[in-house]
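Down below is the structure, laid out as structure tokens.
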Amino acid sequence: MKQALTGLFSEVWQSTTELLANLTSNTENIVNVTSDENGEIKCIFVQLSEQRRFYKRYGEVLQLDGTHSVTNTPMPLYTLIVKENYGVGQPVAFFSGKTHIYFYLQNNDNSITELFLTDKDCAEIAAIKCHFPNAKHLLCHFHALRAVDRRLNETDLSKGFKEEIYQEYLCALEDDSLGRYFDTFWFNTDWVTTWPILYRRNLCTLGDNTTNRIERYHLTIKNVLNRKGRKFNTVVQTLLDIATSRLLDRDMKELENQIRFPTTSFSPLLEKLRGKLTTYAWDLVRKQAEKPITSYKIVKFERTTSYTHNSHKY
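Each residue of the sequence shown is one higher than the one before, counting from 1 in the UniProt record's numbering.
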């Protein structure tokens, strides 16, 4: 088999193949290395056994994003992330090409996923719609608003009073093809339901409306590689180390959750619920329970209307 990626030294690729071979010693780990008819590798896909279990349990919402300049060669890294019950993003797969997500489907049940969150990468989105046809796709709010800001900054909207700015904006819609920009990229049928809050109010987003979680994960990887180097075998080992470290950290949280004891009492219903939740999930419930609940009662008589106000907590 030929060298995997242009620019890799043979000893680097040898070290990489040894790492991948070690992973296959666990039959539940998935390692796919595919090559073309000339023997050149086209895709490397890695998924650990624990990552498969994470997806099976928490895969209702997936985030997909890619990053570049991870290695010394021009190879991108794409990561799939789920949000687990401690509120932490856990990577469930790594692969080297955005269209190679089909390898994921060979070993995972895509019917689990109900919602996909990405930035506006058309190739990523096309792959998702092809391989996850039943999942709802949403755009990252941060990237959507940033794209609009950049386009508006290209338009000459001078400073002034609100009405003047509004009128200049209306003119710009016609004169600067700004209207066509919004109609084409944001308000057409392909995109209009992917970014407004209105269309995701009843969707299970787990509180995530941006891909900042996965981008922070990629930033962590790059920060580690800045110290350790960017040889391909080093990158593969770093990905495995970070994924394993997150799993160990989660195990510690599980242990802490079992030995912690409450210092505040709640209603019997909430006390029973607390025993079944992680600390992260319980904090969400507790904050909601501590909010004052206000109710209004309106009684209408012939000539007057009476209002009663009641405020309480759970």
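Each residue gets a CB set at the ideal place from its N, CA and C atoms; glycine is no exception.
If you're wondering where the values come from, they're calculated on a predicted model, not measured in any experiment.
(1) Can you list, in chain order, the stretches of the beta strand (DSSP E) that have 3 or more residues and sit fully within the region 209-247?
(2) With three or more beta-carbon pairs closer than 8 Å as the criterion, would you say the region 228-244 touches the region 179-195?
(3) Let's see if you can read the secondary structure: which residues bound the beta strand (DSSP E) around LEU138?
(4) Given this structure, state the Cα-to-Cα distance separating THR210 from GLU11, to the nearest angstrom.
(5) Considering only the alpha carbon of each residue, which of LEU273, ASP121, SER49 and ASP190 lies closest to THR24?
(6) Quick one, which of CYS122, LEU62 and LYS120 has its alpha-carbon nearest THR113's?
(7) Quick one: any contact between the region 278-293 and the region 68-87, if contact means 3 or more CB pairs under 8 Å?
(8) Kindly identify the DSSP beta-bridge partner or partners of CYS43.
(9) Per the DSSP calculation, THR118 is bridged to which residue(s)?
(10) In chain order, what residues of the same chain lie with their CB nearer than 6 Å to the CB of ASP251, ignoring the 5 residues before and after it?
(11) CB-CB under 8 Å to GLY97, same chain, minus the five flanking residues each way: which ones, in chain order?
(12) Could you give the DSSP three-state label for VAL92: helix, strand or coil?
(13) Determine the direct distance from the alpha carbon of LEU255 to that of LEU20, and round the result to whole angstroms.
(14) Out of curiosity, what's the CA-to-CA distance linking LEU64 and GLY39?
(15) Less than 8 Å between the C-beta atoms of ALA123 and TRP195, yes or no?
(16) So if DSSP puts LEU64 in a beta bridge, which residue, or which two residues, is it bridged to?
(17) Please confirm whether PHE116 and PHE132 have their CB atoms less than 8 Å apart.
(18) If you compare alpha carbons, which of GLY59, THR17 and ARG230 is closest to CYS204?
(19) In this structure, how does DSSP classify residue 374 when only helix, strand and coil are distinguished?
(20) Start and end of the alpha helix (DSSP H) containing TYR55?
(21) Hey, LEU225 and THR238: beta-carbon distance below 8 Å or not?
(22) Quick one: give me the first and last residue of the alpha helix (DSSP H) that TRP13 is part of.
(23) CA-CA distance, PHE54 and LYS120?
(24) Once the 5 residues before and after PHE161 are set aside, which same chain residues still bring their CB inside 7 Å of it?
(25) How would you write the range of the alpha helix (DSSP H) that VAL285 sits in, first residue to last?
(26) Can you tell which of GLY229, SER245 and ILE197 has the C-alpha that lies nearest to the C-alpha of TYR217?
Reading off the structure:
(1) Fully contained in the region 209-247 is no beta strand (DSSP E) run of length 3 or more.
(2) Under the Cβ criterion (8 Å, minimum of three pairs), the region 228-244 does not count as touching the region 179-195.
(3) Where LEU138 is concerned, the enclosing beta strand (DSSP E) starts and stops at 136-139.
(4) So the two alpha carbons sit approximately 40 Å from each other.
(5) Closest by alpha carbon: SER49.
(6) The shortest Cα separation from THR113 among CYS122, LEU62 and LYS120 belongs to LEU62.
(7) The way I'd put it, the region 278-293 does touch the region 68-87; three or more beta-carbon pairs between them come closer than 8 Å.
(8) BP columns for CYS43 point to THR34.
(9) According to DSSP, THR118 shares a beta bridge with LEU139.
(10) Beyond the five residues adjoining it in sequence on each side, ASP251 comes within less than 6 Å, by CB distance, of no other residue in the same chain.
(11) Setting aside the 5 residues that flank it on each side, GLY97 is surrounded in the same chain by LYS42, CYS43, PRO76 and TYR78, each with a C-beta closer than 8 Å to its C-beta; the list follows chain order.
(12) It is a strand residue.
(13) Roughly 31 Å between the two C-alpha positions.
(14) LEU64 and GLY39 have their alpha carbons spaced roughly 29 Å apart.
(15) No, the Cβ-Cβ distance between ALA123 and TRP195 is not below 8 Å.
(16) Beta-bridge pairing links LEU64 to LEU80.
(17) Yes; because the gap between Cβ atoms is below 8 Å, this pair is in contact.
(18) Ranked by how close their Cα comes to the Cα of CYS204, the residues GLY59, THR17 and ARG230 have GLY59 in first place.
(19) Past the edges of the chain, shown from 1 to 314, lies residue 374, and the structure says nothing about it.
(20) First-last of the alpha helix (DSSP H) with TYR55: 49-58.
(21) Yes, the pair counts as a contact, with Cβ atoms nearer than the cut-off.
(22) 10-23 is the span of the alpha helix (DSSP H), which, as asked, contains TRP13.
(23) Between PHE54 and LYS120, the C-alpha separation is close to 26 Å.
(24) For PHE161, the pLDDT reaches just 46, beneath the cut-off of 50, and the residue's location in the model is therefore unreliable, leaving the point undetermined.
(25) First-last of the alpha helix (DSSP H) with VAL285: 279-290.
(26) Distance from the Cα of TYR217 is smallest, within the candidate group GLY229, SER245 and ILE197, for SER245.
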